[in-house]
Structure formats: structure tokens, C-alpha cells
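So that you can map any letter, position 284 of the sequence shown is 284 in UniProt numbering, and since no number is skipped, the others follow by simple counting. Every residue gets a Cβ at the ideal spot worked out from N, C-alpha and C, and that includes glycine. Since this is a predicted model, take the numbers as computed values, not measurements. Data block below; observations after.
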Amino acid sequence: MIRFLRSKATAVSIIAGICGILLILWAWQLPPFISSIETTDNAYVKGFVTMISPQVAGNISSVKVKDYERVKEGELLIEIEDRIFKQRVEQAVATLDSKKAALASSYQQEESAKADIRSAEAAFTKAELNWKRVEPLTQRGVSSQSSEDSARADRDQKSAELEVRTQALKKILVDREGLKADVESAEAAVELAKIDLDHTKIYSPRDGRVGEVGAKLGQYVTAGTQLLAVVPDDVWIVANYKETQCANMKAGQPVVFSVDALDGYKLKGHVARFSPAAGSEFAVLKPDNATGNFTKVAQRIPVRIEIDPDQKYVDRLIPGMSVIPHVDTSVNPEKLQN
1 MIRFLRSKAT AVSIIAGICG ILLILWAWQL PPFISSIETT DNAYVKGFVT MISPQVAGNI
61 SSVKVKDYER VKEGELLIEI EDRIFKQRVE QAVATLDSKK AALASSYQQE ESAKADIRSA
121 EAAFTKAELN WKRVEPLTQR GVSSQSSEDS ARADRDQKSA ELEVRTQALK KILVDREGLK
181 ADVESAEAAV ELAKIDLDHT KIYSPRDGRV GEVGAKLGQY VTAGTQLLAV VPDDVWIVAN
241 YKETQCANMK AGQPVVFSVD ALDGYKLKGH VARFSPAAGS EFAVLKPDNA TGNFTKVAQR
301 IPVRIEIDPD QKYVDRLIPG MSVIPHVDTS VNPEKLQN
């Protein structure tokens, strides 16, 4: 009887030991319990969070939204006091009108200068003909030398006046290029002033929901001040798998993931693509392994998972939620496509 009890206790111990070993192998997914399902709890819902900031400085005159409200693309969110900016537009327009008037005056000056040149040319032609008439008479003794000198001086004077008129016209044409540049600069100033005026109204860049609104009525803000955030409805999952888990993982493989915030409710998706580098490569402080004491640590590879549409509770997913994805690496995505 004692021998039987001893053999029974030994058998129980052996069975318990085998069960313990099998349990350890199963827990660590070691042979023969290797699973094709890869999972991780280092995964989160992601989305584009657009920070809304003003492009001009001023006092906030109106806040049109409240925390967590849904907004449409193009919906007015915030207004900045615009009186100064309207005055700047009017000032820029007045400057532009002044520059255009100066340019128009340049064309009038050109016509006047051309008329002066024609008059000077006629006077020069008359003086030259008179000198040519007097010169031979002087040589024959019919006219006095003083008459020839007077005719020559008059011709030279009219020639000088013609040159002055010609140079005046050239100056008008040269100055006109500067006036044209002034007009273009004034036009640009008007456009910039109008752009600044438009920037006093801040609109939603896309459909989504507003985060916490930090803008306060009457608050003075500068360009770049973060006032609120708009979170669109488009979300996805980024799962940080260990590099040892990615050997058989491919784009297109099906994914089932549970959401902590939905009491573990399971949704479906698929592997979209993989990060071009391990997560540590994008860290601000990169690890330095060139030391004497090195401990190998499995790196994490970010994997993007797209969420399949038309599922229950998909609209309740928001960036930052924790999820637990399960990727079936036994599936060949090429066969799924066929």
C-alpha cells in the first residue's frame, strides 16, 4: 500500500512538472505553442490634431465655438479686432492711388517733353538756316562779321536747348520705370493688407471636433499663439511591435483589436505599412550603445493599422485611446487580393 502511494505521488509530481513546463512554454509562445497571432499592448489610436493659431496679432473680438463642439470645414471659429487692419487697407489703397497718379503724370510729362522737343527742333532748324544764309554773305562782304557771329551763336543756343529737351525726355522715361516699380510695390502692399485683414477671421481647416478652447474674449494674441485644436474624424492605429514580432508581418494582413475605452469591444482593421526606422531612431535623445556595458533590448517597430469602415463604435475612437491589436501573420495578403 505504501509503495502504491509513493508511485502515485511520483506520477502526480511528474504530471504537475510537465504541466508547469507546458504552461511556461505556452505563456512564452515557445515550441510547440508558437502562435501566428502577434499582439502588443503598446498601441494607440492616432489622428491629425490641427493646432489653430492666428497669423496676425490683435485682441480677440469673438469666439464662435466651445470646448469639444463639432465643426465643419470653413466654419468661423475666432475673430480678431479688425479696425486697424481695415485702416491699413485704406492707407495702402491711398498710397497705390498716389503712385498711379504719379505714373499717369509721367505720361503727360512725356507728351509735353515731346512737344518741347518739336518746338526746339523747329527753332534749331530756323537758326541753322539763318546762319547758313548769313555765312556766305559775310564771306562776300555783303554782311558784317557781327551778323554771322550772332547767327552762329543763335544756332548753337538752339542746339543746346534741343539737347536739354532731349535729355529731359530721356529722364522722364528712365524715371517711369521707377514709378512702375512703385505702383507694383503699392499693389503688393494692398494685397498684403487685405490678406492680413482676412486673417483676422480664423476658420476651421477641416471637419472634426474642437478640443479645449484656450481663446478668451478680449485676449491679446500674437501670431503663432495656439488657441485651440481641431481633431478630424479620420483615425488609425500605431502599434509598436517588438522587432522579433515583425518577421512574418506584412501589409494587408487582417487585424482584430480591442479598445480599452469600449470595455474591450473588438474591431477589425488591416496592416497598412511599417515605419522606415525603429522608434528609438526618432527619439530626441538617441541611445548610445558604444559603451562597455551593453544590454541588448528588442527594438520597437511602429506599425500603422488602418481601421475598416462601417463598424459599430468606430465613430467613438479618438486619438490617444489605448488598444490591443492582434495581427494574424499566417494570412497571405496576396491571396486576399486575388
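DSSP on residue i, reduced to helix/strand/coil?
i, result
"residue 69", "coil"
"residue 57", "coil"
"residue 174", "helix"
"residue 105", "helix"
"residue 318", "coil"
"residue 276", "coil"
"residue 223", "coil"
"residue 50", "strand"
"residue 23", "helix"
"residue 297", "coil"
"residue 121", "helix"
"residue 325", "strand"
"residue 333", "helix"
"residue 215", "coil"
"residue 285", "coil"
"residue 208", "strand"
"residue 40", "coil"
Are any of the Cβ atoms in chain C nearer than 9 Å to that of residue i?
i, result
"residue 67", "Here chain C cannot be found, since the structure has a single protein chain."
With the cut-off set at 9 Å, would you say residue i and residue j are in Cβ contact?
i, j, result
"residue 316", "residue 196", "no"
"residue 271", "residue 251", "yes"
"residue 91", "residue 199", "no"
"residue 73", "residue 207", "yes"
"residue 209", "residue 235", "no"
"residue 261", "residue 321", "yes"
"residue 203", "residue 60", "no"
"residue 249", "residue 323", "no"
"residue 333", "residue 45", "no"
"residue 122", "residue 165", "no"
"residue 168", "residue 116", "yes"
"residue 281", "residue 68", "no"
Given this structure, state the Cα-to-Cα distance separating residue i from residue j, to the nearest angstrom.
i, j, result
"residue 355", "residue 304", "A query on residue 355 cannot be resolved here, the shown segment of the chain reaching from 1 to 338 and no further."
"residue 48", "residue 16", "53 Å"
"residue 185", "residue 306", "50 Å"
"residue 222", "residue 80", "11 Å"
"residue 159", "residue 182", "35 Å"
"residue 297", "residue 58", "51 Å"
"residue 126", "residue 156", "12 Å"
"residue 309", "residue 66", "29 Å"
"residue 163", "residue 193", "45 Å"
"residue 214", "residue 313", "29 Å"
"residue 112", "residue 84", "42 Å"
"residue 118", "residue 173", "17 Å"
"residue 286", "residue 244", "21 Å"
"residue 216", "residue 283", "35 Å"
"residue 19", "residue 329", "28 Å"
"residue 295", "residue 78", "53 Å"
"residue 99", "residue 93", "10 Å"
"residue 10", "residue 24", "21 Å"
"residue 170", "residue 114", "10 Å"
Rank the options by C-alpha distance to the C-alpha of residue i and give the top, closest one.
i, options, result
"residue 218", "24, 52, 13, 63", "63"
"residue 242", "96, 77, 38", "38"
"residue 233", "110, 205, 172", "205"
"residue 255", "331, 188, 244", "331"
"residue 268", "237, 244, 282", "237"
"residue 76", "201, 174, 102, 180", "201"
"residue 177", "95, 249, 106, 189", "106"
"residue 97", "326, 216, 188, 273", "188"
"residue 190", "78, 95, 216", "95"
"residue 40", "325, 333, 334", "325"
"residue 50", "118, 128, 24, 226", "226"
"residue 253", "114, 36, 100", "36"
Go through its chain and collect everything with a Cβ distance to residue i's Cβ below 8 Å, but skip five positions before and after it.
i, result
"residue 279", "240, 299, 300, 301, 302"
"residue 53", "223, 224, 225, 226, 227"
"residue 86", "197"
Give every residue of the same chain whose Cβ lies closer than 7 Å to the Cβ of residue i, excluding the five residues on either side of it in the sequence, and list them in chain order.
i, result
"residue 264", "258"
"residue 180", "103"
Near residue i, what residues of its chain come up, given a Cβ to Cβ distance below 6 Å and the 5 sequence neighbours on each side ignored?
i, result
"residue 311", "267"
"residue 70", "209"
"residue 273", "251, 304"
"residue 124", "158, 159, 162"
"residue 128", "155"
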